[in-house]
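For the sequence shown, the residue numbers in mature numbering (1 follows the signal peptide of the UniProt record, and there is no 0) are -32 to -1, 1 to 131. By construction, the Cβ of each residue, glycine as well, lies at the ideal position given by its N, Cα and C atoms. Predicted model only: the values in this text are computed from it and were never measured. Read through the structure below, which is laid out as structure tokens, and then see the notes.
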Amino acid sequence: MTRTTRRGMLRIAAWTASTVLVALAVSGPGHAASDPTGGIAGLVRRAERGDPQAQTRLGFLYQIGRGVPQNYVEAARWQTRAACQGEPRAQYLLGLLYDKGHGVPQDYVQAYMWLSLATASAPPGQAEISARIRDAVATKLSPIALAQAQFLAASFRPRREGF
């Protein structure tokens, strides 16, 4: 097995593991994801009022199509609202969406920025996974684009929505 193949397999494994970790964090017991019939309406109300955790959960449900139709554009919309408020799980998920171009135009600068922010405020285990993915995205950037992404991350200030 070549070094490039191993590296690619490690990236896939890290992405899969991180997706599972986020799924567990976002859709644990008692959350709308575990009760798609009764919990979605309440989750939508909280998300619309600006609750970043509700926005993150709702965005993730749209991302995986659980309890709502799968819709990457809606997923990106809700993740963006939560990420702009400083929610690290949403920042991580939004970074993945930008990296893959799901629901948003593929943009490695934005992917790097959001993954950097998620890495800075995530718990240790998740921070390591986020950092690996962020670093993989960095390899897709020119030095100028990487500097721009780092500047955007350093300049970021969360904005709370009213709730």
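Give the range of the alpha helix (DSSP H) segment to which residue 68 is assigned. Taking the first residue of the sequence shown as position 1, residue 68 is located at position 100. Its alpha helix (DSSP H) spans residues 56 to 68.
Secondary structure at residue 124, three-state DSSP: helix, strand or coil? Here residue 124 refers to the residue found at position 156 when the sequence shown is read from its first residue. Coil.
Residue 74 classed as buried or exposed, judged by whether at least 16 other C-beta atoms fall within 10 angstroms: Within the sequence shown, residue 74 is the residue found at index 106, counting from 1. Residue 74 is exposed by the Cβ-count criterion.
Along the chain, where does the alpha helix (DSSP H) containing residue 102 start, and where does it finish? Along the sequence shown, read from residue 1 onward, the residue named residue 102 stands at position 134. Residues 92 to 106.
As a quick exercise: from 46, 92, 116 and 54, pick the residue whose alpha carbon is nearest that of residue 80. Position 112 of the sequence shown, counted from the start, is the residue given in the question as residue 80. Residue 80 has its Cα closest to that of 116, out of 46, 92, 116 and 54.
If you follow the alpha helix (DSSP H) that residue 38 is in, where does it begin and where does it stop? Position 70 of the sequence shown holds residue 38. Annotation: residue 38 is outside any alpha helix (DSSP H) and is labelled neither H nor E by DSSP.
Is it true that the CB of residue 83 sits closer than 7 Å to the CB of residue 63? In the sequence shown, residue 63 corresponds to position 95, counting from 1. In the sequence shown, residue 83 corresponds to position 115, counting from 1. In this structure, residue 83 lies closer than 7 Å to residue 63 by Cβ.
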